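Participant:
Chains as they are written, first to last, in UniProt numbering: chain A, 1 to 360; chain B, 1 to 360; chain C, 1 to 360; chain D, 1 to 360.
1) Using a 10 Å radius around the Cβ and a threshold of 16 neighbouring Cβ atoms, would you call residue 263 of chain D buried or exposed?
2) With a CB to CB cut of under 6 Å and the five nearest residues on each side skipped, what residues in its chain are close to residue 123 of chain D?
3) Is residue 269 of chain C close to chain A? Criterion is C-beta to C-beta, closer than 9 Å.
4) My output table needs one value for residue 97 of chain D: the three-state DSSP class, helix, strand or coil.
5) Taking 9 Å as the cut-off, decide whether the C-beta atoms of residue 373 of chain B and residue 314 of chain B are in contact.
6) Per DSSP, residue 210 of chain B forms a beta bridge with which residues?
7) If you follow the beta strand (DSSP E) that residue 222 of chain B is in, where does it begin and where does it stop?
8) Considering only residues of the same chain and omitting the five flanking positions on each side of residue 13 of chain B, which have a CB-CB separation below 6 Å?
9) For residue 41 of chain A, collect the residues of the same chain with a Cβ closer than 6 Å to its Cβ; drop the 5 residues on either side in sequence, then sort them by chain order.
10) Taking Cβ positions only, does residue 65 of chain B come closer than 9 Å to chain D?
11) Looking at the C-beta of residue 169 of chain C, does it have a partner C-beta in chain D at a distance below 9 Å?
12) Closer than 7 Å, Cβ to any Cβ of chain D: which residues of the region 185–203 of chain C, in chain order?
13) So that I know if they touch, is there some Cβ in chain C lying closer than 9 Å to that of residue 275 of chain B?
14) Three-state secondary structure (DSSP) at residue 32 of chain A?
15) Which value, in whole angstroms, describes the spacing of the CA atoms of residue 138 of chain D and residue 7 of chain B?
16) Could you check whether the region 168–182 of chain C touches the region 112–132 of chain D, counting it as contact only if at least three pairs of C-beta atoms, one from each stretch, sit closer than 8 Å?
17) Are the C-beta atoms of residue 242 of chain A and some chain B residue less than 9 Å apart?
18) Per DSSP, residue 5 of chain D forms a beta bridge with which residues?
19) Going along the chain, which residues of the region 275–295 of chain D sit with their C-beta nearer than 7 Å to a C-beta in chain C?
20) Check whether the region 39–56 of chain B touches the region 283–301 of chain A, taking contact to mean three or more Cβ pairs, one atom from each stretch, closer than 8 Å.
21) Can you give me the start and stop residues for the beta strand (DSSP E) that residue 249 of chain D sits inside?
22) Tell me residue 299 of chain B's beta-bridge partners as DSSP assigns them.
23) On a CA-only basis, which of B/231, B/265, B/158, B/167 is nearest residue 145 of chain B? Give me that one, please.
24) If you compare alpha carbons, which of C/189, C/340, C/98 is closest to residue 136 of chain C?
25) Are there three or more Cβ pairs, one per stretch, closer than 8 Å when the region 217–225 of chain A is compared with the region 240–253 of chain A?
26) CA-CA distance, residue 89 of chain D and residue 162 of chain D?
27) When we look at the beta-carbon of residue 81 of chain D and count the other beta-carbons within 10 Å, is it buried (16 or more) or exposed?
28) Check whether the region 61–80 of chain B touches the region 98–112 of chain B, counting contact only when three or more Cβ pairs, one atom from each stretch, lie closer than 8 Å.
29) Beta-carbon of residue 164 of chain C versus every beta-carbon of chain A: anything under 9 Å?
30) Just how far apart, CA to CA, sit residue 127 of chain D and residue 154 of chain D?
31) Helix, strand or coil, according to DSSP, for residue 40 of chain D in the structure here?
32) Tell me, please, whether the CB atom of residue 135 of chain A is closer than 9 Å to any CB atom in chain B?
33) Please work out which residues of its chain come closer than 7 Å, Cβ to Cβ, to residue 203 of chain B, disregarding the five sequence neighbours upstream and downstream, and give them in chain order.
34) Quick check: is the beta carbon of residue 148 of chain A nearer than 9 Å to any beta carbon in chain D?
35) Is the closest heavy atom of the ligand ATP to the C-beta of residue 218 of chain D under 8 Å?
36) Is the beta carbon of residue 274 of chain C sitting closer than 9 Å to the one on residue 307 of chain C?
Okay, here's the thing in structure tokens:
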């Protein structure tokens, strides 16, 4: 950490700051410039530094403190230079492949979900998505089928041979959801739900961690650090748009987060173009942009008959539109020397259920 | 809901939209303007309307859909025109009084917390605050004392006679925290944690609901609706700053949210100037602004020796600075015909613990 | 326009609103729903509607007014369904080609600029960029060479055969800059400088209109409307990042603006990935994303020796990095059935100067 | 400036950075921490520092550069510790008084404007406002009366004895507007129009500089620096709301900017609650908040019959509502030991026109 003294800070103030830093157990490196004196803080752990910095922010002689180190460690590329590959049922996130997670926003019913799952697989999806628990801003809208939804997901996995990804909303439900799902998803509204993140650090199952729409990249990576610090390093990051003043789209896709995050961390980063766009006519453009920017995968909403969807209908692609998007992103991935994997006989659900005859 | 057809939408498209609306069980009111045709949707409940609107957003003949009704009902002033007064231990939020909740960010230890509690009361606070569970963006910083912290809070309540307000972070902990606290606080990062909000709807204890820093006013009120819909109408709203591009302050206090929310809802709204400012030298100015804008109370961080605080030291007021702030806001409240209540012998904790001799 | 009456508005209030609308010369279409009454306003021009709407916003019986028509007309795709192609010196923006404008941020000197211009052309740029007048946030940083810079740009055009694009900052300078430049650029800070936009409506020369970093898409298109309303329809829109809470990049590239704008307007839209990224290591990823999203071109900062640049050095690509970026975007454009044009003998500056032997 | 080297930067990289810094004419102070090496840059002027920093941002061994000094000098409180008082026609901004500028958004006609001016004065305004040139986002809305509007303003000044404040939109018009106006206003959309700011640096007349709605406090103060650097130090800053994701209000009033700016600079800072609120029912609350936060004045839209206003009708106060607001803010100012001045016989326009009998 660096402490910039106020221009005109007195010698007493400088000495007082130095003394506090030393008393807190850190080394000091003093640098007197023409305009201001700078106190470099050497050593110490992250927590003590944070507390020291905050306490000195209010000191009358201090102009400001500037953190030099990042607030996270295990997720940083400096700590772990090689790309982490998260493998789930034969699908690899982070190793140069660009798998696509697809399916309806919510699991609305058995028949419909199975139809959607087969349509998604046929168009090239290698992981299925679908919410059994839905965080909805109004208490009066559809909140998900709960465990019944999880059972439908499990059946879809058995019959399609594809692993499934679904949201978990509170720590208590983690064991239940983990019994059914291959990837546990943390939604944007829970991006800083620390009890939930801690619970996910205790399990041995991949986690897809969405960025909160009001969350900085640094906070997002710090949230991932909670999971890794708990012992679970199978984390897939997911950019899904942030809140800005622009209202034409539902959120503003921060496509630059893809190269930024790939530089800062070794974890794979995928993009959800559906929630960012909010309208289906812009989803494919955002999906292409994400892959072109280097995303390690996509999560896309697909519905057999989008107009009949009970949740987020406006942003779901039809199977036809999804297929065309898949063709485009496969070609773009190839430009970058990457590959969009297709579902094969080798695709196997991770959570161990026997695979039913495909195309049943 | 209103459906605006595209300029140039065909008669077939208009007929198709009308048919869908009717099939969904709504009435239709067609209005043909010079530039565009508008389909008014009549009747129906909120959930069906939401689903219908989303599904029609993708229709080729539709330019856009516009919701006319609000997504919340029980929290709206139209539904309940009179101000709701939330009373806790003799302190009233919402009835023209402007009580102040004060104390350290976190409960760091018994001695220190009791010292802080008495200092806060002496300066005029009528409710104590202090976190036993702290949502921190880094897993390596102080996370709170947990139940030990709750016990310290309970002791502080007994000895000062002031009710206490503390944060709860997950649904499972609600019963435990409710055993100790007079007001259960939902932090900004959990502002859309729906399982938690649902759990708080089940209890008979006031809830202080902070606005998420990426959350619109409409979403914030919808989050409150979850609690009221569950049966608990003792909700105090708390504005604490939103995320914007400005970095001089930690967050941008949306002071206009105070009059806006007071118009939209009957629930009391208080302001937390400490987290918005992020630096103690600006806290009093924001506190004064909040009271002048009509806030029904404040929540302020006060620490006996701010520089020694382990959490958010930079934004904590010293007892002296807090006292001066209290004098200023009392005078400003008076301008608006309101009153900042002071702690008295009549102040009694709500949760029933016997009150110890004050000043012990 | 639609006027939504308050729930509980009285018959007198409704009658009063209807009377005002009619008195202002509009037709009325009344629709009484279960929850609220809606007054549809029929006919009238944009200006009167705007004034009526604003005046009714304050009416005690009115909940809110909602505009149905867009604030712009000439730039809208409804008014002009076919893509507008802006041609400059043989380079076409908007007709399925993806030309790249490249060069240093500022014209720093003759030798350096010519070196940069040839390097940019060699790597595939078909238009040159370079600022003679620089809007800088500090008055103490380099402000551009002024007319001397324009002369260097003209010489570069003659010698490379490529048209040039440069910024104009005030209406008075428009004739001077138009004498030298093939495309006049409006910077983000002048995106709503209406006297400047009006002056650009009077000339017969293409304008590249950057989006302001605090400007919505609707305001951006309305700014373009000023130029078209003046008689100049050769407008190229340029997305260059908006202000958000994220600070990892200099601005947040709103890549979704590309498909949104292409749907709303017939004007070509290009992307400036350099200012959005702010750091050169992320420029190519954003350039690829922009082309993949459907951008009609790019504007990129290239410098022979980026580290020596006096302006925005951190975001300038070296010629080598630029060449690699060009290869990637050419391949991505091909995926979309589009083509990145290369400089050829046929490339001719638009403003009529004789072309010097290439490769001199 | 401080250069933070990458963790793991080689000795060659460190030596190369040091050499570049020295070659650019700066001194070097090297500090080797446990995690990273820091290069302190000593001496030099702002422009060279900015260029050096930007050029090193791209260096492979550099993690990031951090500016220690501010980009502005003349406006900083460090350079000029005492409050600057801007006096205009006997009205003082910045010396503990809280004058109020009031009047209609635009000058719509002579009769109406004079009526508004007398009403504003009667309610306590000490400066008149009114736009003769209006920056409107649509070219089809009322753009102001131009010079005719200026003449009306001059007449209003003569007859009321109050100085007038009006907007100037381009450098060419500065002399004309300065002939009529006592305070020249720079609107939010021109907050970074540097040719205009430079032109205003050349005149001897107070300037009211609005903050751009996408502009940081640092950029706003840097814009003021342009005016002071030109030789004109009579600058009044005006906060008027910034762009955020919240849409309930037209903009989000950054009330914290008041104490922040008063700490950073010696210039007076006033607040425009009308544009921030966008709806008249919230204007008084924001005005009270601004004065409570320490604002040195207000600029408020008042219209004799708000519903008939052709520009921004929704946010204009009636004279009655304005009078009530004046009473409230006077009482709040008194709490802070400040005074809202009232118009008196001594109020005299600054620009020298003879004062007509008041109440004529």
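Every residue gets a Cβ at the ideal spot worked out from N, C-alpha and C, and that includes glycine.
Fair warning: this is a prediction, and the values are worked out from it, not measured in the lab.
Facilitator: Quick look at the numbers:
1) The sequence position of residue 263 of chain D within the fourth chain is 263, counting from 1. Under this definition residue 263 of chain D is an exposed residue.
2) Residue mapping note: residue 123 of chain D aligns to position 123 of the fourth chain, counting from 1. Once the five neighbours on either side are set aside, the close Cβ partners of residue 123 of chain D are 319, 322, 323, 326.
3) Taking the first residue of the third chain as 1, we reach residue 269 of chain C at position 269. No, its Cβ sits nowhere closer than 9 Å to a Cβ of chain A.
4) The count along the fourth chain starts at 1 and reaches residue 97 of chain D at position 97. In this structure, residue 97 of chain D counts as strand in the three-state DSSP scheme.
5) Summary: the structure shown does not reach residue 373 of chain B, with chain B confined to residues 1 through 360, and so no result is reported for it.
6) For the purposes of this step, residue 210 of chain B is taken as the residue at position 210 of the second chain. Residue 210 of chain B is bridged to B/238.
7) Position 222 of the second chain, counted from the first residue, corresponds to residue 222 of chain B. Note, residue 222 of chain B: premise wrong, no beta strand (DSSP E); alpha helix (DSSP H) at 217–229.
8) The sequence position of residue 13 of chain B within the second chain is 13, counting from 1. Closer than 6 Å at the Cβ level, and outside the excluded window around residue 13 of chain B, lie 61.
9) What you label residue 41 of chain A is simply residue 41 of the first chain in a count that begins at 1. Closer than 6 Å at the Cβ level, and outside the excluded window around residue 41 of chain A, lie 1, 21, 26.
10) One-based indexing of the second chain puts residue 65 of chain B at position 65. Answer no: the Cβ-Cβ gap between residue 65 of chain B and chain D never drops below 9 Å.
11) Against the third chain, residue 169 of chain C aligns to sequence position 169. Chain D, which has a Cβ nearer than 9 Å to the Cβ of residue 169 of chain C, makes this yes.
12) Residues of the region 185–203 of chain C with a Cβ closer than 7 Å to any Cβ of chain D, in chain order: 189, 190, 192, 193, 194, 195.
13) As a first step, residue 275 of chain B is located in the second chain; it is residue number 275 there, counting from the start. For residue 275 of chain B, the answer is no, since every Cβ of chain C falls outside 9 Å of its Cβ.
14) Taking the first residue of the first chain as 1, we reach residue 32 of chain A at position 32. The three-state reading of DSSP puts residue 32 of chain A in strand, counting E and B together.
15) Along the fourth chain, one-based indexing puts residue 138 of chain D at 138. Along the second chain, one-based indexing puts residue 7 of chain B at 7. C-alpha separation (whole angstroms): 20 Å.
16) no
17) Position 242 of the first chain, counted from the first residue, corresponds to residue 242 of chain A. Chain B, which has a Cβ nearer than 9 Å to the Cβ of residue 242 of chain A, makes this yes.
18) Along the fourth chain, one-based indexing puts residue 5 of chain D at 5. Answer is D/62, bridged to residue 5 of chain D.
19) Of all residues in the region 275–295 of chain D, only 279, 280 come within less than 7 Å of chain C when Cβ atoms are compared, listed by chain position.
20) The region 39–56 of chain B vs the region 283–301 of chain A: no contact.
21) Position 249 of the fourth chain, counted from the first residue, corresponds to residue 249 of chain D. Here residue 249 of chain D belongs to no beta strand (DSSP E), and DSSP marks it neither H nor E.
22) Taking the second chain and counting its residues from 1, the one referred to as residue 299 of chain B is at position 299. Paired residue(s): B/101.
23) Translated into the one-based positions of the second chain, residue 145 of chain B becomes position 145. If we check each option's Cα against that of residue 145 of chain B, B/167 comes out closest.
24) Position 136 of the third chain, counted from the first residue, corresponds to residue 136 of chain C. The shortest C-alpha separation from residue 136 of chain C is found at C/189.
25) no
26) Within the fourth chain, residue 89 of chain D is the residue found at index 89, counting from 1. Within the fourth chain, residue 162 of chain D is the residue found at index 162, counting from 1. Cα atoms of residue 89 of chain D and residue 162 of chain D: separation of roughly 7 Å, rounded to the nearest angstrom.
27) Looking up residue 81 of chain D in the fourth chain gives position 81. Burial call: exposed.
28) no
29) Position 164 of the third chain, counted from the start, is the residue given in the question as residue 164 of chain C. Not one chain A Cβ lies under 9 Å of residue 164 of chain C.
30) Within the fourth chain, the letter at position 127 stands for residue 127 of chain D. Within the fourth chain, the letter at position 154 stands for residue 154 of chain D. Spanning the two alpha carbons is a distance of roughly 12 Å.
31) Taking the first residue of the fourth chain as 1, we reach residue 40 of chain D at position 40. Correct three-state label for residue 40 of chain D: strand.
32) On the first chain, residue 135 of chain A is found 135 positions in, with the first residue counted as 1. When Cβ-Cβ separations below 9 Å define contact, residue 135 of chain A makes contact with chain B.
33) Taking the second chain and counting its residues from 1, one reaches residue 203 of chain B at position 203. Result list for residue 203 of chain B: 174, 178, 232, in chain order.
34) Numbered from its first residue, the first chain carries residue 148 of chain A at position 148. Cβ-Cβ to chain D under 9 Å: no for residue 148 of chain A.
35) Questions concerning the ligand ATP fall outside what the structure shown contains, since it holds no ligand whatsoever.
36) As a position in the third chain, residue 274 of chain C is number 274, starting the count at 1. As a position in the third chain, residue 307 of chain C is number 307, starting the count at 1. It is not a contact, given that the beta carbons lie outside the stated cut-off.
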